[in-house]
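Trainee: Residue numbers (the working numbering): 2 to 221.
Pasting a structure here, questions to come.
This is the structure we're talking about:
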């Protein structure tokens, strides 16, 4: 959806009592863009990936129900991060892959939470497809976007996501314990890549001496 950046029609007095002009209302798209460009937002996305990965590795004997809930929450939270990060791109066309990824993550998260007692094969299929499509779209963005900061980090993260999706889809597990270890390892690896990307972005901000960059990284 395209948000108009033109002046909004006046719905009240032009000046506050005493002659002071009211502060202009912030454009929601600009607010989301500023948030998505910050290195803290990338770090937050990394933590949202690392935490469930660590949890499923620490408690590998938990039931499939618990695993499905953890994965579902991870997908929903990551979808929210992707939605905000999409606004960091300046052109509407460049935002489309990020928005598609956000929708994909949210839909997959809802599927996991809607039926947490589903089979191991179904859970593997959902996560594998999400990672594979996410990696392909992110790789496309990293190659096609102009002046993308830290392109190498983004491409590396995209390749890892593609490999994770292929492994999960091509090597079906026969037990909840095996699936837990596999998903946990990939989540931790993807989270560490995003942590490296976040701190690389912070270093770039410090070198440039500006609070917020003009462009943004595309997280995996």
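The beta-carbon is built from N, C-alpha and C at its ideal position, and this holds for glycine as well.
Under the rule that 16 or more other beta-carbon atoms within 10 Å means buried, what is residue 209, buried or exposed?
Mentor: Exposed.
Trainee: Could I get the ranges of all uninterrupted alpha helix (DSSP H) runs contained in the region 45-125, with 4 residues as the minimum, in chain order?
Mentor: 65-87, 93-115, all fully within the region 45-125.
Trainee: Return helix, strand or coil for residue 197, following the three-state DSSP convention.
Mentor: Reduced to three states, the DSSP call for residue 197 is helix.
Trainee: Using a Cβ distance threshold of 8 Å, determine whether the region 153-165 contacts the region 96-111, with at least three qualifying pairs required.
Mentor: Result no; under three Cβ-Cβ pairs closer than 8 Å.
Trainee: Would a C-beta distance cut-off of 8 Å place residue 192 and residue 47 closer than the cut-off?
Mentor: Their beta carbons are under 8 Å apart, which means residue 192 touches residue 47 by this criterion.
Trainee: Please list, in chain order, all residues of the same chain as residue 90 whose beta carbon is under 6 Å from its beta carbon, the five residues on each side excluded.
Mentor: Contacts found: 96.
Trainee: Between which two residues does the alpha helix (DSSP H) containing residue 146 stretch?
Mentor: Looking at the DSSP string, residue 146 is not in any alpha helix (DSSP H), and its letter there is neither H nor E.
Trainee: Within its chain, find whatever has a CB closer than 7 Å to the CB of residue 203; leave out the 5 residues flanking it on each side and keep chain order.
Mentor: The residues are 40.
Trainee: From 54, 45, 74, pick the residue whose C-alpha is nearest to that of residue 82; which is it?
Mentor: The option with the nearest alpha carbon to residue 82 is 45.
Trainee: Less than 8 Å between the CB atoms is what I'm expecting for residue 126 and residue 113, so what's the real figure, rounded?
Mentor: At roughly 11 Å, the Cβ-Cβ gap does not stay under 8 Å, so residue 126 and residue 113 are not in contact.
Trainee: Determine, using beta carbons only, whether residue 143 and residue 155 come nearer to each other than 8 Å.
Mentor: Yes, these two residues count as a Cβ contact at 8 Å.
Trainee: Less than 6 Å between C-beta atoms, sequence neighbours within five positions excluded: which residues of the same chain meet that for residue 102?
Mentor: So the qualifying residues of the chain are 83, 135, 138.
Trainee: State yes or no: is the C-beta of residue 71 within less than 8 Å of the C-beta of residue 57?
Mentor: Yes, they are a contact pair.
Trainee: What is the rounded straight-line gap between the Cα of residue 99 and the Cα of residue 73?
Mentor: Whole-angstrom Cα-Cα distance: 19 Å.
Trainee: Report the three-state DSSP secondary structure of residue 172 (helix, strand or coil).
Mentor: Three-state result, residue 172: coil.
Trainee: Please report the Cβ distance between residue 132 and residue 80, rounded to the nearest whole angstrom; I am assuming they are in contact, meaning their Cβ atoms lie under 8 Å.
Mentor: The pair is not a contact, with the Cβ atoms about 13 Å apart (cut-off 8 Å).
Trainee: What do you reckon, are the CB atoms on residue 65 and residue 130 nearer than 8 Å?
Mentor: No; because the gap between Cβ atoms is not below 8 Å, this pair is not in contact.
Trainee: Please return the same chain residues whose Cβ sits closer than 7 Å to the Cβ of residue 194, not counting the five positions on each side in sequence.
Mentor: So the qualifying residues of the chain are 157, 158, 161, 221.
Trainee: Nearest-angstrom Cα distance between residue 187 and residue 146?
Mentor: When rounded, the distance between both Cα atoms is 26 Å.
Trainee: Between residue 77 and the ligand ZN, is the CB less than 7 Å from at least one heavy atom?
Mentor: Within the structure as shown, the ligand ZN is missing, as the structure has no ligands at all.
Trainee: Using C-beta distances below 7 Å, list every residue in its chain close to residue 185, excluding the 5 sequence neighbours before and after it, in chain order.
Mentor: Within the same chain, residue 185 has close Cβ partners 54, 57, 58.
Trainee: Could you compute how far the alpha carbon of residue 180 sits from the alpha carbon of residue 128?
Mentor: Rounded to the nearest angstrom, the two C-alpha atoms are 11 Å apart.
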